[in-house]
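Residue numbers (the numbering used here), protein chains in the order written: chain A, 1 to 236; chain B, 1 to 337; chain C, 1 to 286. Here a beta-carbon is modelled for each residue, glycine too, at the ideal position from N, C-alpha and C. Just so it is clear, the structure is predicted and the values come from calculations on it, not from any experiment. Let me begin by presenting the structure, written as structure tokens, before commenting on it.
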């Protein structure tokens, strides 16, 4: 059974359809790339899956259950972790405190949450910065923190929104390595990305949006030869 | 539904934090100062400042939970303070012991907090603050018309026999009021500390920093805001209950004025919102400033006190926007290095 | 029925002044994202400026309008440069404290110079005027206040929406970083927003002294009404603040006719009701 099932999901703002009748499934344990030109509706789609926004029409199912219009904290509790396109770290807290807060979802006591957060810290290479205030971190490190924080909620599905944009080549390699390690744990990943080479190599499956509509699903190899995809990226 | 297991640490371990000698030393110093205060200062004027400062510190500690930790800035906390004042005044008038009134009235205040929070927590940022201001003013404008609460004249608290149980002491020497207030402050601070130390504290701070991100990591934002307002209202109400036993009188203007709400908020912010010490430091500074300038400078009728007070408040905010507590922390760090 | 119309009219006229006061406040918020708690007291200072013009120089309040506007613009810019700018990057709490300190300071200064004795302008020019339309009386003061307020509000709104500088102001309000990249000096825009707010308080104050007494606490009531109007209209919306100001004035006027003593309660009640239905205010988007 698919982990996420998006069925005819539409989101309208006034007269404009940011997402237009999109339908696709995500199987557990996969990495899927969600790509498309700017404004194609990718982040909006993420928001609807994660509960930050409500679909105007359509259904979203998680693990077979209808979860359309659920609240973000319900999504988190069910196992959906996400990062934000514009970084949203908890600025007044240290790195470790950011992770501890997220870890509290599955760990009741402070001690247990902190211990788990420490593990996540170590695993994501943030140990040296554990006691640094999150607001003072560089952009790339903040993105890493967001990813770590999403991990600290012990998610089954990870929605990564442009975690690779603006990174130097070295940082990109480290980030890809982290994503692959996370995937190796069995966590399902859906990536929104603009950095094409990365997406092509990381994701065995792509979903392509353009103007809110789904125009292609399939392998990267097929995507580069698909007319609709080429038109979307290269056309007028 | 399986959740992936914890993977054993593959990178370096998190370095341990240094033992906070400075913090404990600071607490000790403050505790000693507070304890010897009434012994060292014998004038009634200063002792009154002490009692009032501690009372407001309790009220602001309550405010701090909602405003400093959860980030929801309220300008209507006088409503909860007033609940404490009116509630205790009423019940003591019916023969209750003042101490026994505190918990039930705090519960009433908590319920009021819930009632106010339910519709207003949908509002973000400034909208929420102005709404609390409006609610506070509404209460103040309605109170003079409420007969059972004494209407515009208010209520007097009957003068009970002296004794701790009645929270009534000799008025010549404020020492006993002071130590009672100090004890109450300690209890209130410990209560706030216990409330905030576990998951609740982290969740409230997350809400303050970024509601959207907080929800994304599983925080039920609305529910936790309601938790915060109930505790916040209860503590502020306790301060009101105590205060009415000191002044033995309550009326609409003394209990729900906008200036009272502003003072409660200001004290926490000047002292350092988001820290449990903020309200204490802020209260002493603000109340001392207020009383000193009013007594010694307004005698000239030329309100230098207001100017000075205003200027000093501005100075504190500009020098360290995070409040006195942060100023002290920074100074301490400077000295250490 | 006539009483009702009279009350409605009175309310609308005072509402026009609320509108003007609110517009200045919402402008500062829209551009700098901070609430100036001392706004009402700036109006109070403007009232005293008008009073000084009258008592020292024999100038009628109408003549004092431009003087007050310019003076208050200068005061506002000074306030901005001196105490607001240092805390712009800090938390909302710090900004709140600073403007609260300013409020207290202003009241102290004014009381120091003028004492707390209430003052009045005797025999303003407009006081001699009185118009009766269909049984409803409108005093010259009301007329001038309303007209002046509407004109000033319209001028501000025009400036913000129709001029290039106004667009720059809006740009800074929406995205200060982005605006800087486009070459707009954010600092200058903030100062300009404060200056404009100063102008609005100057005009409002000079108009009000035709009708109202002047004392150091005169700003409090107007300040509060300004905040309510700004929130009701939607933070940052000039049109919203203006509409809300008039609405609040009308509500107060009408309620005052039937339930005197509850005017404030009613105004606050309307505001809270609207908020429940529309949390972002009448015309707010944030």
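Closest Cα partner of residue i within the set the options
| i | options | result |
| --- | --- | --- |
| residue 195 of chain B | B:168, B:219 and B:230 | B:230 |
| residue 307 of chain B | C:220, C:75 and C:104 | C:104 |
| residue 219 of chain B | A:1, A:78 and A:8 | A:78 |
| residue 39 of chain B | B:69, B:175 and B:168 | B:175 |
| residue 138 of chain B | B:78, B:59, B:228 and B:110 | B:78 |
| residue 183 of chain B | B:44, B:51 and B:128 | B:51 |
| residue 8 of chain A | A:55, A:16, A:46 and A:27 | A:55 |
| residue 221 of chain A | A:214, A:205 and A:213 | A:205 |
| residue 75 of chain B | B:324, B:284, B:286 and B:131 | B:131 |
| residue 207 of chain C | C:37, C:100 and C:124 | C:124 |
| residue 166 of chain A | A:59, A:48 and A:85 | A:85 |
| residue 27 of chain A | A:207, A:123, A:40 and A:199 | A:207 |
| residue 211 of chain C | C:171, C:127, C:64 and C:269 | C:127 |
Residue environment, residue i, which counts as buried when at least 16 other CB atoms sit within 10 Å
| i | result |
| --- | --- |
| residue 113 of chain C | exposed |
| residue 103 of chain B | exposed |
| residue 15 of chain A | exposed |
| residue 159 of chain B | exposed |
| residue 72 of chain B | buried |
| residue 173 of chain A | exposed |
| residue 194 of chain C | buried |
| residue 185 of chain B | buried |
| residue 182 of chain A | buried |
| residue 153 of chain C | buried |
| residue 142 of chain C | buried |
| residue 150 of chain A | buried |
| residue 209 of chain B | buried |
| residue 236 of chain A | Unreliable positioning characterises residue 236 of chain A in this predicted model, as indicated by a pLDDT of 48, which lies under 50. The coordinate reading is nonetheless provided below. Classification for residue 236 of chain A: exposed. |
Residues near residue i by beta carbon distance below 8 Å, same chain, minus five either side
| i | result |
| --- | --- |
| residue 12 of chain C | 146, 246, 249, 250 and 253 |
| residue 107 of chain C | 41, 44, 216, 217 and 219 |
| residue 331 of chain B | none |
| residue 118 of chain C | 213, 214 and 215 |
| residue 243 of chain C | 19, 233, 282 and 283 |
| residue 10 of chain B | Its pLDDT being 46, under 50, residue 10 of chain B is placed unreliably by the model, and the measurement read from it follows with that caveat. Excluding residues within five positions, none has a Cβ falling inside 8 Å. |
| residue 141 of chain A | 126 and 129 |
Residue i: contacting residues in chain C (beta-carbon distance under 7 Å)
| i | result |
| --- | --- |
| residue 349 of chain B | Lying outside 1 to 337, the shown extent of chain B, residue 349 of chain B is not represented and no answer is given. |
| residue 330 of chain B | Near residue 330 of chain B there are no residues of chain C at all, since even the closest Cβ is about 14 Å away, more than 7 Å. |
| residue 141 of chain B | 264 and 265 |
| residue 119 of chain B | 276 |
| residue 122 of chain B | 279 |
Close Cβ partners of residue i (< 6 Å) along its chain, the five nearest in sequence each way excluded
| i | result |
| --- | --- |
| residue 6 of chain B | Note on residue 6 of chain B: pLDDT 37, under 50, position unreliable in the model; the coordinate value appears next. The answer is none, since no qualifying residue turns up. |
| residue 1 of chain B | With a pLDDT of 34 at residue 1 of chain B, under the threshold of 50, the predicted position of this residue should be treated as unreliable, though the coordinate-derived value follows. Answer for residue 1 of chain B: no residue qualifies. |
| residue 287 of chain C | Only positions 1 to 286 of chain C appear in this structure, which leaves residue 287 of chain C out of reach. |
| residue 251 of chain B | 154 |
8 Å Cβ cut-off: residues of chain B touching residue i
| i | result |
| --- | --- |
| residue 108 of chain C | 303, 304, 305, 306, 307, 308, 309 and 310 |
Neighbour list for residue i in chain A, Cβ cutoff strictly below 9 Å
| i | result |
| --- | --- |
| residue 205 of chain B | 90, 92, 93, 97 and 101 |
| residue 68 of chain B | Near residue 68 of chain B there are no residues of chain A at all, since even the closest Cβ is about 11 Å away, more than 9 Å. |
Proximal residues of chain E, C-beta to C-beta of residue i below 7 Å
| i | result |
| --- | --- |
| residue 86 of chain C | Any reference to chain E falls outside this structure, whose protein chains are A, B and C. |
Proximal chain B residues relative to residue i, where beta-carbon distance stays under 9 Å
| i | result |
| --- | --- |
| residue 42 of chain A | In chain order: nothing, as chain B lies at least about 17 Å away. |
| residue 144 of chain A | What residue 144 of chain A touches in chain B: nothing, since even the nearest Cβ is about 12 Å away. |
Chain-ordered chain A contacts of residue i [CB-CB under 8 Å]
| i | result |
| --- | --- |
| residue 15 of chain B | 127, 128, 130 and 131 |
| residue 196 of chain B | Within 8 Å Cβ-Cβ: nothing; residue 196 of chain B doesn't reach chain A, min ~11 Å. |
| residue 210 of chain B | 88, 89, 90 and 91 |
Proximal chain C residues relative to residue i, where beta-carbon distance stays under 8 Å
| i | result |
| --- | --- |
| residue 269 of chain B | 93, 94, 96 and 97 |
| residue 226 of chain B | Per Cβ cutoff of 8 Å: no residues; residue 226 of chain B is ~17 Å from chain C at best. |
Neighbourhood of residue i by C-beta, 7 Å cutoff - its chain only, sequence neighbours within 5 removed
| i | result |
| --- | --- |
| residue 108 of chain B | 83 and 87 |
| residue 50 of chain A | 72, 75, 80, 82 and 159 |
| residue 117 of chain A | 96, 99, 100, 103 and 152 |
Chain B residues whose Cβ lies nearer than 7 Å to that of residue i
| i | result |
| --- | --- |
| residue 183 of chain A | Under the 7 Å cutoff, chain B gives no residues; its nearest Cβ is about 11 Å from residue 183 of chain A. |
| residue 35 of chain C | 126 |
Within chain A, the residues that residue i reaches when beta carbons sit closer than 7 Å
| i | result |
| --- | --- |
| residue 20 of chain B | The contacting residues do not exist; residue 20 of chain B stays about 12 Å from chain A at best. |
| residue 216 of chain B | 50, 72, 76 and 82 |
| residue 220 of chain B | 73 |
Contact list for residue i against chain C, beta-carbon separation under 9 Å
| i | result |
| --- | --- |
| residue 339 of chain B | The shown model of chain B, from 1 to 337, leaves out residue 339 of chain B, and the question about it has no answer. |
Taking only runs that begin and end inside the stretch 13-86 of chain A, name each unbroken alpha helix (DSSP H) of 4 or more residues, in chain order. List check, alpha helix (DSSP H) in window: 42-50 and 72-78.
With a floor of 4 residues, list each alpha helix (DSSP H) that falls wholly inside the stretch 78-163 of chain C, ordered by position along the chain. Taken in chain order, the unbroken stretches of alpha helix (DSSP H) that lie wholly in the stretch 78-163 of chain C and span 4 residues or more are 92-114 and 140-162.
What alpha helix (DSSP H) runs, 4 residues minimum, are completely inside the stretch 165-234 of chain A? 169-184, 196-202, 220-223 and 227-234
Write down every uninterrupted run of the alpha helix (DSSP H) in the stretch 136-160 of chain A whose length is 4 residues or greater and which is fully enclosed by it, in chain order. 139-151
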